Amino acid sequence: MPVSTTAHGLPRPGGAGRLAGRTVSRVGFGAMQLERLHDDRPAALALLRRAVELGVDHVDTAQFYGDGFVNGLVRDAFQPQDDVLVVSKVGADPNPGGRIPLRPAQRPEQLRASVESNLVGLGVEQVPVVNLRRLDNGPGLRAEGDQVVDIDDQLAVMTALRDEGKIGAIGLSSVTLDVLRRALPVGIVCVQNAYSLLSREDEEMLALCAVEDIAWVPYFPLGSGFPGLPKVTDEPAVLAAAKTLGSTPAQVGLAWLLQHAPNTLLIPGTADPDHLAANTAAGALALDPDSLAALDAVPSRSPRMTFDAPASSSSSSSSSSSESSEKASQS
60 MPVSTTAHGL PRPGGAGRLA GRTVSRVGFG AMQLERLHDD RPAALALLRR AVELGVDHVD
120 TAQFYGDGFV NGLVRDAFQP QDDVLVVSKV GADPNPGGRI PLRPAQRPEQ LRASVESNLV
180 GLGVEQVPVV NLRRLDNGPG LRAEGDQVVD IDDQLAVMTA LRDEGKIGAI GLSSVTLDVL
240 RRALPVGIVC VQNAYSLLSR EDEEMLALCA VEDIAWVPYF PLGSGFPGLP KVTDEPAVLA
300 AAKTLGSTPA QVGLAWLLQH APNTLLIPGT ADPDHLAANT AAGALALDPD SLAALDAVPS
360 RSPRMTFDAP ASSSSSSSSS SSESSEKASQ S
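Those letters in the sequence shown? Residues 60 to 390, by the numbering used here.
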C-alpha cells in the first residue's frame with residue numbers, strides 16, 4: 060500500500076485520516092499552547108513551520124487563544140502551497156484579567172461575531188472548519204442565563220454562515236450524545252470531546268461518529284489537566300508498554316488513541332520543538348497485542364470537571380486555566 064503524503068511529499072504522521080472531505084495527517088497540531096511563546100513570536104512561527112516539515116497538515120486554533128495571538132501566528136506561518144487544513148472554533152470569547160480567561164459566547168449573534176473575528180484574524184475569506192464549542196459537557200465553562208442556548212438555534216446560524224461561504228464545514232466540541240444526534244442532519248464533520256485511555260465515557264458517541272464518517276478529535280488525550288486527577292502517563296499499563304516498546308508514556312497514550320478507533324485524529328499541542336517531534340513520532344508507534352490488551356483493560360475513571368477548581372499551574376501540559384479548560388496536550 061502506498062504511503063500517504065502531504066502536499067510537500069512528506070509521509071503523514073499516523074497515516075491518512077479524513078476531515079471535512081479532505082485527507083489529512085492523523086496526527087495534527089493543537090495551537091493553543093503557542094500562547095506560551097507570546098514573548099518570542101519568531102520561535103512560535105518556527106514551531107508551526109517545523110510541524111509542516113514533520114508532515115502535519117491539520118491544525119486546530121481559535122481566535123480566543125491568546126486573544127488573537129495564535130490565529131495571527133497561523134495566518135503568518137502557513138502558505139497556500141502547504142495545504143494545511145485549519146480548524147477553528149467559536150462559543151467563547153477572551154476574558155483578559157478574569158479568574159477564568161474565557162467567557163461564554165453561545166448566543167447566535169455571538170457565534171456569528173466570533174466567525175467574523177476568525178476570518179479577520181486568520182486573514183482568510185473562509186475558515187475551512189469551525190467547531191461549535193458547547194458548554195454542556197466535559198471540563199471547563201458552563202453556560203448560565205442567556206448563555207443557555209438551544210442547539211437548534213446555534214446550528215441555524217452555523218449553517219447560515221456555511222451557506223454564505225464564511226465557513227466550509229461544521230464541527231462540534233464538548234457535546235453530549237443527544238446533542239450530536241440532533242445535529243447530524245446539518246452535516247457534522249468532527250467532534251472534539253475530552254477523551255483518553257482513562258476517560259472513555261463517550262465510547263457510544265465515538266462509535267456513532269465512526270458510523271457517520273465523523274472525525275473524532277479528542278482533547279485531554281492524556282488525561283485531565285486539573286490537579287489531583289489521574290493522568291495517562293502515570294498509569295502502570297502505560298509505563299509497562301513504554302518500557303517494552305522503547306517509547307515515552309505520552310507516545311503510548313497517543314498511539315492507543317490512534318489504534319483504538321480509525322476515525323480518530325489527534326491534535327496534541329506543545330510549545331517545545333522536541334515535544335512536537337515526539338508527538339508526531341507517536342503516529343508510527345505500533346502497540347503489540349499484549350500491550351494493547353493490557354491498555355484496553357485499564358478502567359475508565361476520569362470524572363467530569365468544571366471550573367469549580369482552578370487548573371494546575373505545575374502541570375507541564377498547561378500553563379494557565381484556559382489551557383486546562385480547552386485542549387490540554389500531553390507535552
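Ideal Cβ placement from N, Cα and C applies to all residues, glycine included.
All figures in this text were calculated on a predicted structure; none of them were measured in a lab.
- Checking the DSSP bridge columns, you'll see Ile229 partnered with Val189 and Ile247.
- Annotation: Val149 is outside any alpha helix (DSSP H); the continuous beta strand (DSSP E) that includes it extends over Leu144 to Val149.
- Distances from the alpha-carbon of Ser173 to those of Gln213, Thr292, Trp275 and His67 put Gln213 closest.
- By a beta-carbon distance limit of 8 angstroms, Asp119 does not contact Ser84. Their separation comes to about 12 angstroms.
- Under the three-state reduction of DSSP, Pro332 is assigned to helix.
- Here Asp222 carries a helix assignment [DSSP, helix/strand/coil].
- From the listed residues Leu93, Val129 and Gly114, the smallest Cα separation to Gly342 is found for Gly114.
- DSSP places Asp355 inside the alpha helix (DSSP H), whose first and last residues are Pro348 to Asp355.
- In the same chain as Ala301, and ignoring 5 residues on each side of it, the C-beta atoms closer than 8 angstroms to its own belong to Thr307, Pro308, Gln310 and Val311, in chain order.
- The C-alpha of Val216 lies about 45 angstroms from the C-alpha of Ala296.
- Annotated three-state conformation of Tyr278 is strand, per DSSP.
- A Cβ-Cβ separation of about 5 angstroms places Asn130 in contact with Gln122 under the 8 angstroms criterion.
- Here the C-alpha atom of Val146 lies approximately 21 angstroms from the C-alpha atom of Met264.
- For His319, the uninterrupted alpha helix (DSSP H) run begins and ends at Pro308 to His319, by DSSP.
- In the three-state scheme derived from DSSP, where H, G and I count as helix and E and B as strand, Pro163 is classed as strand.
- Looking at the DSSP output, Phe123 bridges to nothing.
- Classified as buried, Gln169 has 16 or more neighbouring CB atoms from the shown chains inside 10 Å of its CB.
- As the crow flies, the alpha-carbon of Arg221 is around 7 angstroms from that of Ala228.
- The beta carbon of Asp195 sits closer than 8 angstroms to the beta carbons of Arg201, Ala202, Ser233, Val234, Thr235 and Val238 from its chain, once the five residues preceding and following it are set aside; these are given in chain order.
- Annotation: the continuous alpha helix (DSSP H) that includes Val238 extends over Leu236 to Ala242.
- Counting along the chain, Ala75 sits inside the beta strand (DSSP E) bounded by residues Ala75 to Leu78.
- Restricted to the stretch 87-142, the beta strand (DSSP E) segments that are unbroken, complete and at least 3 residues in length are 117-119, listed in chain order.
- Contact between the stretch 243-254 and the stretch 76-90 is present: three or more C-beta pairs spanning the two stretches fall below 8 angstroms.
- Annotation for Thr303: the continuous alpha helix (DSSP H) segment containing it runs Pro295 to Leu304.
- Excluding five sequence positions before and after Ala66, the CB atoms of its chain that fall closer than 6 angstroms to its own CB belong to Asp142, given in chain order.
- In the DSSP assignment, Val270 falls outside any beta strand (DSSP E) and within the unbroken alpha helix (DSSP H) covering Glu262 to Val270.
- Contact check for Arg192 against Lys148 passes: the beta carbons are separated by less than 8 angstroms.
- Counting the other Cβ atoms within 10 Å of the Cβ of Ala345 gives fewer than 16, which makes it exposed.
- In the DSSP assignment, Ser84 falls within the beta strand (DSSP E) that extends over Arg81 to Ser84.
- In terms of CA proximity to Leu257, Glu294 leads the group Glu294, Leu267 and Trp275.
- Annotation: Val186 to Trp315 spans about 30 angstroms, alpha carbon to alpha carbon.
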